[in-house]
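Peer 1: Each position in the sequence shown, counted from 1, maps to that position plus 28 in the numbering used here. Using N, Cα and C, we set each Cβ at its ideal position, and we do this for glycine too. Since the structure is predicted, the reported quantities are computational estimates derived from the model, not experimental observations.
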Amino acid sequence: MTPERRIILGLVLLLAALEVAVRQVEPWLSKDLAHVHSLSELPERLAPGTGGVLVMGNSLARCGIAPARLSAGLTGQPEVALMVPDATAAIEWAWGYRRHVLHAGARPALVILVTGRTHLFDPAHKQIERLGAFHVGGGGDRWRFLTNELGGVEERASFLISSVSRLYADRGRIQPLVFYNFIPSYESSVNRINMAAGGGFSQEMEPNLEESRGLANCQRLVDSVRESGARLVVVTAPLPEPWSLPEAVSQLLKKNEVPVIPLGSEVRLSAERFPDGYHLDPAGAEIATAALVKALGELGTQAKPPN
């Protein structure tokens, strides 16, 4: 074997070893990655005919909904599962629902989608590596996404590589996410630094409406939930300032007969319930969930009458 071939073989073996190592340690690198890995449990937790509930969204849903309180408020106290990866929006929700629910065989009776003001719009920029690794897959969806959603050779190559290599997909995520596990109060400290720097969560997490590119992924999610046999309810997340969905989003949901529970405009909470200026604390989540349970009862979604 020539020296050049030995070098190439050594690099291949090294990359293979690193790939195996990344896949082994990935669930322990951060709570968010651990949550993404737990989505494989949805078919068991939300088996057909069990009347389970799926809460979807991002960190607004994770911090804003108390699953135990929600389950206790629904008739039969059904299983409440979460699909709430950080920094996600309609494109991840639409394709992720197809991968982890529709194609995987999970069958919730009710899907509760918690959203911020612009999260249901198509993104100005796609997180291609995350989509390839964690959200798109099954039922021919990778090919469909590759041909319909991506335009250039570089984007398509990045998507394909991230679909098979976690080492590639996680290269920009692993280092900062390690700090969430190993530095006390890292998450709250970073959130406060972001706010003090003037960026704030409204700019960091939500794209400008002018940069958005329609509502195709929102429609895809609505269609996929309907295909799975579940009922979809959209919930606007409580924020420090009251807000409502943009008119275009409201019209699409109305056209598809998707009810909206406007906690974002109806649940008014003090600033202390938003310790980082954006997300609810546990006490705020209990209040918001109680309001959600009451609204679900009024919609006739098997919620218990409020006390």
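Assign proline 310 to buried or exposed, taking buried as 16 or more other Cβ atoms, counted over all protein chains shown, within 10 Å of its Cβ.
Peer 2: Exposed.
Peer 1: In the DSSP assignment, find the unbroken alpha helix (DSSP H) run with isoleucine 189 in it and report its ends.
Peer 2: That run of the alpha helix (DSSP H) goes 181 to 192.
Peer 1: Could you tell me the alpha carbon to alpha carbon distance between arginine 90 and serine 66, rounded to whole angstroms?
Peer 2: Their backbone Cα atoms lie some 14 angstroms apart in a straight line.
Peer 1: Is the closest heavy atom of the ligand ZN to the C-beta of glutamate 120 under 8 angstroms?
Peer 2: Within the structure as shown, the ligand ZN is missing, as the structure has no ligands at all.
Peer 1: By Cβ distance below 7 angstroms, which residues in the same chain neighbour leucine 260 in space, the five residues on each side in sequence not counted?
Peer 2: Answer for leucine 260: Val139, Leu141, Val250, Val253 and Val286, listed in chain order.
Peer 1: Closest to arginine 301 by CA distance: which of Ala313, Ser293 and Glu294 is it?
Peer 2: The option with the nearest alpha carbon to arginine 301 is Ala313.
Peer 1: Specify the secondary structure class of leucine 82 as computed by DSSP and reduced to three states.
Peer 2: Correct three-state label for leucine 82: strand.
Peer 1: Among Glu326, Gly292, Gly180 and Asn245, which one has its Cα closest to the Cα of isoleucine 315?
Peer 2: Ranking Glu326, Gly292, Gly180 and Asn245 by Cα distance to isoleucine 315 puts Gly292 first.
Peer 1: Helix, strand or coil, according to DSSP, for arginine 259 in the structure here?
Peer 2: Arginine 259 falls in the strand class under three-state DSSP.
Peer 1: Over what stretch of residues does the alpha helix (DSSP H) that includes alanine 89 continue unbroken?
Peer 2: Run containing alanine 89: 87 to 92, per the alpha helix (DSSP H) assignment.
Peer 1: Thinking leucine 243 and leucine 148 are a contact (beta carbons under 8 angstroms), I'd like their distance in whole angstroms, please.
Peer 2: Their Cβ separation, rounded to whole angstroms, is 7 angstroms, which keeps leucine 243 and leucine 148 in contact under 8 angstroms.
Peer 1: Nearest to lysine 322 by CA position, among Arg172, Ala75 and Arg97, is which residue?
Peer 2: The option with the nearest alpha carbon to lysine 322 is Arg97.
Peer 1: Hey, which unbroken runs of the alpha helix (DSSP H) at 4 residues or more fall wholly within the segment 94 to 164?
Peer 2: Qualifying alpha helix (DSSP H) stretches, in chain order: 95 to 101 and 118 to 125.
Peer 1: Output needed for histidine 131: all residues of its chain with C-beta closer than 6 angstroms, excluding positions within five of it in sequence on either side, in chain order.
Peer 2: Around histidine 131: Gly166 and Gly167.
Peer 1: Within a Cβ cutoff of 8 angstroms, which residues of the same chain sit near serine 68, ignoring the five residues on either side of it in sequence?
Peer 2: These residues qualify, in order along the chain: His128 and Ala132.
Peer 1: What is the DSSP secondary structure of threonine 329, reduced to helix, strand or coil?
Peer 2: Reduced to three states, the DSSP call for threonine 329 is coil.
Peer 1: On the criterion of 16 or more Cβ atoms from any shown chain inside 10 Å, does tryptophan 171 qualify as buried, or is it exposed?
Peer 2: That one is exposed.
Peer 1: What residue range does the alpha helix (DSSP H) around glycine 292 cover?
Peer 2: 291 to 294 is the extent of the alpha helix (DSSP H) around glycine 292.
Peer 1: With DSSP as the reference, identify every bridge partner of threonine 175, one or two as the case may be.
Peer 2: Its beta-bridge partners do not exist; DSSP assigns none.
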